Amino acid sequence: MLKDKFYKEIPNVIHPKEKLVATHCSYCGMQCGMNLRVDTTKNTIIGVEPRYDWPVTLGKMCPKGVTAYQQTNHDDRLLRPLIRDDASTKGTKEGFREATWDEAYELITRKFKELQTEYGKDSLSVYSGVSMTNEKCYLTGKFARVALQTRYIDYNGRFCMSSAAAGFLRSFGVDRGSTLPWTDIHETDCLFIAGSNTAECHPTSMFRVWEVQSRGGYLIVVDPRETPLARRADIHLDLKPGTDLALANCMVNLLIQNGYADEKFTLAHTNGFEETKELVSQFTPEYTSEITGVAPEKLIRAAEIYGKAPNAIVMFARGIEQQTRGSDNVSAYTNMCLVTGKIGRPKSGVATLTGQGNGQGGREHGQKADALPGYRKITNPKHVQEVCSVWGIEPEEMPLPGVSAYEMFELMHNKTIRALYLLCSNPAVSAPNLNDVKAALKNLDFMVCSDMYLSESAEFADVVLPSVTWSEDEGTVTNLEGRIIKINKAQEPIGESKPDWLIAVELAERMGRGKYFSHLTTAAKVAEEFRLASKGGYADYYGATWDKIEKQNGVFWPCKDENDPGTPYMFLNQQYYHADGKAKICALPYRPPAEEPCEQYPLRLTTGRVVYHYLSGNQTRRISFLHDMCPEPYVEVHPDTAKQYDIVHDELVRLYTRRGEAHFKVKVTEAIRKDTVFVPYHFGHELAVNLLTIPALDPMSRMPEFKACAAELEKTVISKEAVR
Ligand SMILES: Nc1nc2c(c(=O)[nH]1)N[C@H]1C(S)=C(S)[C@@H](COP(=O)(O)OP(=O)(O)OC[C@H]3O[C@@H](n4cnc5c(=O)[nH]c(N)nc54)[C@H](O)[C@@H]3O)O[C@H]1N2
Ligand SMILES: Nc1nc2c(c(=O)[nH]1)N[C@H]1C(S)=C(S)[C@@H](COP(=O)(O)OP(=O)(O)OC[C@H]3O[C@@H](n4cnc5c(=O)[nH]c(N)nc54)[C@H](O)[C@@H]3O)O[C@H]1N2
Ligand code: SF4
Ligand SMILES: [Mo]
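According to the UniProt record's numbering, the sequence shown is numbered sequentially starting from 1.
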């Protein structure tokens, strides 16, 4: 077990007539350890206690974590399936009636079969999410390919981790979000963090970040906003949204020019150094300053600090990834480690701050349009053969690769896709360019939605299935370190709600494909098959048994067999996953975002998160404490910009782009650039900032550019009441 200086033995508090169930938070990739308090007289979850013995977070939790348990027995839980009889109510909460599971299953299978008979197998689609366990994610991929036999499956990680995945694959030939465990962070000498609001989005990392500075190390932050992290940074590089590639190239240029490149390392372990050296040479501090708006002296000082640091970690998150150059940004920032050789050893490396609870595991096991379990490729005949041998189907039966998330909505629009099985995601809030996405959902002949609560997306469904919350099922998830951990069941499912793996098994049976699924009668049995399906892939989980996970406080993949303890550090032997064993330093020319400010739309709009809400907000908006702390979205505007537009704090403004408009209250703050505005995206209907965002996609990862588009705002004369 990895223990560090923060580890203390603190006994658990156990109240009379209660038990503690050790598990992890339902929300972000930190996967903080927590103990759920269960009333043993009613077998009901009633609260939470810290889990001090969890080595990554040592009992710490954020405001979402401490209230997460309130989801389980919440009044808004869906207890039975719902069916909509009157299609004219589509797009609203109205028109549903309660039904039995039998009736719901009968309707779903009848509709799916009718549509496939008329329009072909690929008329069905599956869109899923990674708040689910590995077992559920794995089975969702198998369900789409084997039970529904469709090529169209993709998932919400496309909007989250796809650029990190594509960038790491190009740089290293493998995509594990962090090359080192989190218990190393506070021991490094320099943290270079780009496009991450760590203090609000991965709050329980912060004690390690502050410790770097307490020890005399440095914090460099790249963000157009002065986030709580940026405020404490030694250097804040406050760039214009969408210009990271220029900044990263400038860092690499300065590192090389000033003698910080490790040429012995680059020669032995990388390709692409010379080419990159030449390309980045034009990114002088002055030229880069023109593009990014960051003062040249700050760029020079940042490169010097990173270059001099004996150990350094480069970290980034969606700020650099949710751009049309997202995967290039990932590789370009990774170049900093590869040029200086600060990688493949303790206290030095690179990490993306993975977003969702199972954002890492969920992207490895076959929910992606082109991926199969173990991070295999559906386009590789050998990989297909390996998975078919576990699934018991012939390679010819494996559907073709599908298309990415946003492109699936486009195919719904033009009726190539006729039906959708949606689970664990709320795209009617979280997808870009919502006017078109909602029209696409409305255009479907038939839609099923599985969720714990009636979401904005469920409003478009014909059948809604009640899923369980994370606390009513067991399985594994893979946290942002690449550590596979165990989620434990604390309560029986309420009402008639069911775990998604069971729904998949039961639906497969009714689709006439039961022989491939009927042996999967428990989550543990799904786990056995899942481990086997990952075996031999590079995301190999075969050796990560539930037993070993419990004993070792998690298992880092790859973990090949019973005797393998797992892999906390990647590339310790300087072996990268490309065929020649070398990493790639990538020469990447700068291109601006898809939409640059202009006379008509002079502002840069960027979007993101607040500490109190999670993603589409369908879970956290229902928790009264979180709602009270942040009841509605707002638009952050710099005081000088506010003066220019003659608007004041709390005033309602109309914010608009080429895609749409919405009304937000103004938050006047010096913590943002004058040319940029920011809106958190956790709200639905007319408060969704995604009505405005651009669906321009990164050509490599198919990630939409959530972080940069051109916008304009105006004072409104209408009252707040008239809008809401
Ligand atoms: N409280 C909370 N925590 C969460 C989540 C949540 O919804 N709420 N979601 C989880 C998930 S799924 C994810 S993906 C992560 C996301 O975690 P983060 O990526 O940290 O969150 P964001 O707010 O999307 O964006 C991060 C920062 O990028 C900055 N930014 C915007 N544009 C640019 C740019 O062009 N360049 C650079 N360098 N920075 C830019 C923003 O100002 C913001 O501070 O958080 C996880 N944790
Ligand atoms: N403008 C803008 N848009 C963004 C982003 C941004 O930064 N800016 N970030 C993007 C990112 S990084 C992400 S990750 C996406 C996330 O966007 P979504 O995928 O929409 O996120 P969630 O709100 O987590 O949706 C999960 C839904 O499933 C339900 N759910 C939770 N657990 C389960 C389960 O086990 N089973 C079932 N069936 N349902 C469950 C929840 O109640 C919720 O309704 O948003 C993206 N959209
Ligand atoms: S930091 Fe993330 S995992 Fe930890 S309590 Fe908060 S939301 Fe949950
Ligand atoms: Mo995410």
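Heads up, the beta-carbon is just placed ideally off N, CA and C, and yes, glycines get one too. What you are looking at is a predicted structure, and each value in this text was computed from that prediction instead of being measured.
query	result
Neighbourhood of N311 by C-beta, 6 Å cutoff - its chain only, sequence neighbours within 5 removed	T188, D189, K347 and S348
Distance between beta carbons of G129 and E459, contact taken as under 8 Å	Not a contact, Cβ separation roughly 17 Å.
Cβ distance (whole Å) where R418 is taken to contact S123 below 8 Å	4 Å
Span separating the alpha-carbon of R345 from that of I220	21 Å
Straight-line Cα distance separating N258 from L713	44 Å
First through last residue of the alpha helix (DSSP H) which encompasses G581	Here G581 belongs to no alpha helix (DSSP H), and DSSP marks it neither H nor E.
Heavy atom of ligand 3 within 8 Å of Q385 beta-carbon	no
Unbroken beta strand (DSSP E) run spanning K19, endpoints	E18 to H24
Touching by the beta-carbon criterion (3+ pairs, under 8 Å), the region 313-326 and the region 275-290	no
Residue burial classification, I14 (beta-carbon count within 10 angstroms, cutoff 16)	exposed
Beta-carbon proximity check, L247 vs T292, cutoff 9 Å	yes
Short Cβ contact (9 Å threshold) for E509 with S518	yes
Closest by C-alpha distance to V280, when choosing among Y333, R225 and E18	Y333
Assigned secondary structure, V437 (DSSP; H/G/I helix, E/B strand, else coil)	helix
Those runs of the alpha helix (DSSP H) which lie wholly inside the region 531-585 and span at least 4 residues	546-552
Nearest-angstrom Cα separation, counted from F683 out to G608	11 Å
Nearest to H24 (by Cα), restricted to the options K60, R622 and Y218	K60
Three-pair Cβ contact test at 8 Å for the region 492-503 versus the region 462-475	yes
Distance cut-off 8 Å: Q71 Cβ against heavy atoms of ligand 1	no
Sequence-distant residues of the same chain with beta carbon closer than 7 Å to G173, five excluded per side	Y576, Y577 and H578
Through-space distance from T67 to P633, alpha-carbon basis	21 Å
Reduced DSSP category for R84 - H, G, I as helix; E, B as strand; rest coil	strand
Where E135 sits in the DSSP three-state scheme	helix
Inter-residue spacing [alpha-carbon to alpha-carbon] between Y306 and C160	27 Å
Straight-line gap, E274 to S331 (C-alpha atoms, nearest Å)	16 Å
Bounding residues of the alpha helix (DSSP H) (the contiguous stretch that carries A165)	S162 to F172
Any non-hydrogen atom of ligand 3 within 8 Å of Y614 CB	yes
Residue environment, residue 725, which counts as buried when at least 16 other CB atoms sit within 10 Å	Here the chain has residues from 1 to 724 only, and residue 725 is not among them.
Minimum C-alpha distance to C586 - residue among A144, E106, A539 and G272	G272
Every unbroken alpha helix (DSSP H) within the region 324-349, with a cutoff of 4 residues, ordered by chain	326-340
Exposed unless 16 or more other CB atoms sit within 10 angstroms - verdict on P373	buried
In DSSP terms, what Y27 is bridged to	In DSSP, Y27 forms no bridge with anything.
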